[in-house]
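Input: a single structure, listed below in structure tokens.
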Amino acid sequence: MHGAGEEEEEEEEEEEEEEEEEEEEEEEEEEEEEEEEEEEEEEEEEEEEEEEEEEEKKKKKKKKKKKKKKKKKKKKKKKKKKKKKKKKKKKRRRRRRRRRRRRRRRRRREEEEEEEEEEEEEEEEEEEEEEEEEEEEEEEKKKKKKKKKKKKKKKKKKKKKKKKKRRRRRRRRRRRRRRRRRRRRRREEEEEEEEKKKKKKKKKKKKKKKKKKKKKKKKKKKKKKKKRRRRRRRRRRRRRRRRRRRRRRRRRRREEEEEEEEEEEEEEEEEEEEEEEEEEVF
102 MHGAGEEEEE EEEEEEEEEE EEEEEEEEEE EEEEEEEEEE EEEEEEEEEE EEEEEEKKKK
162 KKKKKKKKKK KKKKKKKKKK KKKKKKKKKK KRRRRRRRRR RRRRRRRRRE EEEEEEEEEE
222 EEEEEEEEEE EEEEEEEEEE KKKKKKKKKK KKKKKKKKKK KKKKKRRRRR RRRRRRRRRR
282 RRRRRRREEE EEEEEKKKKK KKKKKKKKKK KKKKKKKKKK KKKKKKKRRR RRRRRRRRRR
342 RRRRRRRRRR RRRREEEEEE EEEEEEEEEE EEEEEEEEEE VF
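No gaps in the numbering here: position 146 of the sequence shown is 247 in this note's numbering, and each next residue is one more.
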């Protein structure tokens, strides 16, 4: 796209230069024709003057007056020519200026369009990255849920196994105790009481340890979640800031360009007014 635009601009510039050359050639031809006509008029006037001098000497005074008038006319004509040339030069300059301004505007617009396209592509890429991150977050949540379910199932199975083992142990102990009671009732009773006390203490200790472990795990999980959330929030904030900065730059550029265009239009209007005033004077 960019290369094709440059070729079109070069072709337009060449065409404009050719048009300017043609206009200059036409103007030169017109000037030459005017000069030839003036020379012919002067020759005719000289011939008439010679004839009049030969025929009548009395009319010399009148002829002198006529010559003066003719000289004045010539001077006026020359002045008019000079003014016309100046006008033409001014018009050429103004045309060239306008053409240059138009070219600059075209180039600026093309560059701005390219920049806008690049910025839109960058924004689309950022949106795609955000969508991918959100999808990853959802997948992580699903995986965590599955892990929790598996852990719960394992815990249930373990509890069932423990219950079975405990029942078996209790049955065995009861049998042993009965046997011992039969043999030594008094001793068994004392031993049983002591054993019960010890078991209770152990169970309490185990429960406390388990509770502490659970609390630690929960704290770790919470910290990890907080870190992830903070990172994601920072990324999103950075992206939003980048977008805002780009939008601000675009706005500034557009405002500056509008101001430049307004100034150029004002200059063109002033130039046109000057041209009109000059034409009125002439």
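The beta-carbon is built from N, C-alpha and C at its ideal position, and this holds for glycine as well. All values reported here derive from a predicted model rather than from experimental measurement.
In whole angstroms, what separates the C-alpha of Arg208 from that of Glu377?
Taking the sequence shown and counting its residues from 1, the one referred to as residue 208 is at position 107. Taking the sequence shown and counting its residues from 1, the one referred to as residue 377 is at position 276. Distance between the alpha carbons of Arg208 and Glu377 is about 31 Å.
Closest to Glu142 by CA distance: which of Lys178, Lys299 and Glu157 is it?
For the purposes of this step, residue 142 is taken as residue 41 along the sequence shown, with counting starting at 1. The option with the nearest alpha carbon to Glu142 is Lys178.
Run through DSSP, which three-state label would Glu157 get?
Position 56 of the sequence shown, counted from the start, is the residue given in the question as residue 157. Residue state, collapsed to three classes: coil.
Going by CA-CA distance only, name the one from Lys163, Glu115 and Lys183 that's closest to Glu135.
Here residue 135 corresponds to residue number 34 of the sequence shown, with the count starting at 1. Taking only the C-alpha atoms, the option nearest Glu135 is Lys183.
I'd like to know whether the C-beta atoms of Lys171 and Glu146 end up nearer to each other than 8 Å.
Working through the sequence shown from its first residue, we reach residue 171 at position 70. Working through the sequence shown from its first residue, we reach residue 146 at position 45. Taking 8 Å as the Cβ cut-off, Lys171 and Glu146 qualify as a contacting pair.
Mind reading off the beta-carbon distance from Glu372 to Arg195? Whole number of angstroms is fine, and I expect it under 8 Å.
Within the sequence shown, residue 372 is the residue found at index 271, counting from 1. Within the sequence shown, residue 195 is the residue found at index 94, counting from 1. Going by Cβ atoms, the distance from Glu372 to Arg195 rounds to 6 Å, so yes, they are a contact pair.
For my contact list, Arg278 and Glu291 are in at a C-beta cut-off of 8 Å; report their separation, rounded to the angstrom.
The count along the sequence shown starts at 1 and reaches residue 278 at position 177. The count along the sequence shown starts at 1 and reaches residue 291 at position 190. Arg278 to Glu291, Cβ: 12 Å. No contact.
Would you tell me roughly how many angstroms separate the C-alpha atoms of Glu218 and Arg210, rounded to the nearest one?
Looking up residue 218 in the sequence shown gives position 117. Looking up residue 210 in the sequence shown gives position 109. Using only the alpha carbons, I get a separation of about 12 Å.
Please list, in chain order, all residues of the same chain as Glu122 whose beta carbon is under 8 Å from its beta carbon, the five residues on each side excluded.
In the sequence shown, counting from the first residue as 1, residue 122 sits at position 21. None.
If distances are taken between C-alpha atoms only, which option among Glu118, Lys257 and Arg269 comes closest to Arg197?
Start at 1 with the first residue of the sequence shown, and residue 197 comes out as number 96. Nearest C-alpha to Arg197: Glu118.
Answer yes if the stretch 218-236 comes into contact with the stretch 322-332, meaning at least three C-beta pairs across the two stretches below 8 Å, and no otherwise.
Touching, no, given that fewer than three Cβ pairs across the two stretches are closer than 8 Å.
Would you tell me roughly how many angstroms separate the C-alpha atoms of Glu124 and Glu115, rounded to the nearest one?
Here the question's residue 124 lines up with position 23 in the sequence shown. Here the question's residue 115 lines up with position 14 in the sequence shown. Going from the Cα of Glu124 to the Cα of Glu115 covers about 14 Å.
Who are the Cβ neighbours of Arg340 in its own chain at under 6 Å, not counting the five residues just before and after it?
Within the sequence shown, the letter at position 239 stands for residue 340. Counting only Cβ-Cβ distances below 6 Å, and skipping sequence neighbours, we find Glu227.
Tell me, to the nearest whole angstrom, how far the beta carbon of Glu164 is from that of Glu152; I am working on the premise that it is less than 8 Å.
Residue numbering aside, residue 164 sits at position 63 when the sequence shown is read from its first letter. Residue numbering aside, residue 152 sits at position 51 when the sequence shown is read from its first letter. According to the sequence as given, residue 164 is Lys; it is not Glu. Their Cβ separation, rounded to whole angstroms, is 11 Å, which puts Lys164 and Glu152 out of contact at 8 Å.
Rounded to whole angstroms, what's the CA-CA distance from Lys312 to Glu239? Just pull it up for me.
For this step, residue 312 is matched to residue 211 along the sequence shown. For this step, residue 239 is matched to residue 138 along the sequence shown. Looking at the two C-alpha atoms, the distance is approximately 30 Å.
Can Glu128 and Lys189 be called in contact, C-beta distance under 8 Å?
Reading the sequence shown from its first residue, position 27 is the one you call residue 128. Reading the sequence shown from its first residue, position 88 is the one you call residue 189. Contact flag set, yes.
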